[in-house]
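Each residue of the sequence shown is one higher than the one before, starting from 150 at the first, in our numbering.
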Amino acid sequence: MLAGFLNLYKPLNWTSHDCVAKVRRLLQQKKVGHGGTLDPAASGVLPMALGRATRLLQFLPSDKAYRAVMRFGLSTTTDDLEGEILQSSGASELTEAKAIALLDAFIGTIEQTPPRYSAVQVQGKRLYDLARQGQTFDVPKRTVTIHHIVPIAWQPGEFPELTVDITCGAGTYIRSIARDLGDKLGVGGTLAALERTKSSGFTLDSSITLEALESQLQAGTYQPISPVVALQHHPRIELPSDWARRWQQGQKIPYKFRSADLQCPYYQVYGPEQTFLGITAWAFVPDTDETRLLPKVVFTPPQPAT
């Protein structure tokens with residue numbers, strides 16, 4: 150069974166689950182998971198974990214990046230072009246300068262209202278299920294972080310469009326940004342197109358399509374991305390063989406950190422010959438200033454004693 154990561158380019162009109170199912174069939178293995186849902190109407194980076202690496206998904210970076218096309222003078226039920234039109238008055242007089250001037254209002258840690266058609270749960274039910282059933286409900290706001298919004302292109306017309314690059318934290322809805330920007334401009338707005346360019350540390354330029362994956366598998370040349378590459382944002386520690394075996398067995402072992410290193414919650418663990426063993430947390434021994442390692446994910450199990 151393959152174990153590692155796949156930087157897949159999700160095509161338009163595929164759900165993230167469709168991609169997982171396809172990869173399972175291609176690899177002929179069940180243990181495949183993805184690192185963050187991407188709407189069917191969006192394309193781009195969809196990180197996948199294979200085999201034992203599915204347990205490492207939670208330790209990948211959370212920031213994401215997108216290229217989005219926002220259309221103004223139009224509002225829909227889903228805040229993208231998939232939904233029913235609520236209003237279509239046009240906005241031919243809207244200028245690029247006016248639209249760009251309001252982008253700064255979305256930068257930073259802000260309160261955002263997710264789309265009514267979204268996977269957010271209220272009392273255990275998905276909002277999109279409630280919306281499809283025609284139920285009345287309030288959408289809870291959530292705190293999100295948006296690092297940058299950079300304008301890329303402007304297309305004037307009856308329904309002008311602004312293309313932007315967005316970097317943001319997990320949980321941010323780009324559809325909500327398009328809707329809220331349109332509301333601030335007084336003309337309405339919706340998301341016309343979306344491509345994810347970065348997710349979980351994986352970027353667009355190194356992603357591969359399903360067709361390319363299938364070709365590489367048929368040629369016998371496909372190799373998954375090593376956890377060593379995917380987890381390099383975490384610092385590393387190296388253990389001698391005896392301590393490594395104890396850690397692999399799930400034991401809490403003593404380890405002396407430099408004071409500066411105590412800012413990091415997780416570490417990669419390596420054993421002899423630079424073998425990646427997994428991810429560890431750490432904790433102080435009660436009533437002391439001593440620390441010990443707490444195994445979180447043992448990726449490489451200990452070898453049987455000979």
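C-beta atoms are modelled at their ideal positions from N, C-alpha and C, and glycine is treated no differently.
- With a 10 Å radius around the Cβ and a threshold of 16 neighbouring Cβ atoms, C413 comes out exposed.
- Boundaries of the alpha helix (DSSP H) harbouring I323: I323 to L334, taken from the DSSP string.
- Under the criterion of beta carbons closer than 8 Å, G337 and L223 qualify as touching, at roughly 6 Å.
- When beta bridges are read from the DSSP output, M219 appears opposite L311 and L340.
- Rounded to whole angstroms, the gap between the alpha carbons of Y215 and I315 is 5 Å.
- Counting the other CB atoms within 10 Å of its CB gives M150 a total below 16, which places it among the exposed residues.
- When rounded, the separation of the alpha-carbon atoms in A217 and L359 is 23 Å.
- Residue pairing from DSSP places L195 in a beta bridge opposite L157.
- Cβ contact annotation for L252 (same chain, cutoff 6 Å, sequence separation greater than five): I298, in chain order.
- Annotated as proximal: W396 and P444, with beta-carbon spacing under 7 Å.
- About 36 Å separates the beta carbons of L199 and F255, which is beyond the 8 Å limit, so they are not a contact pair.
- V446: member of the beta strand (DSSP E) spanning T440 to V447, first to last residue.
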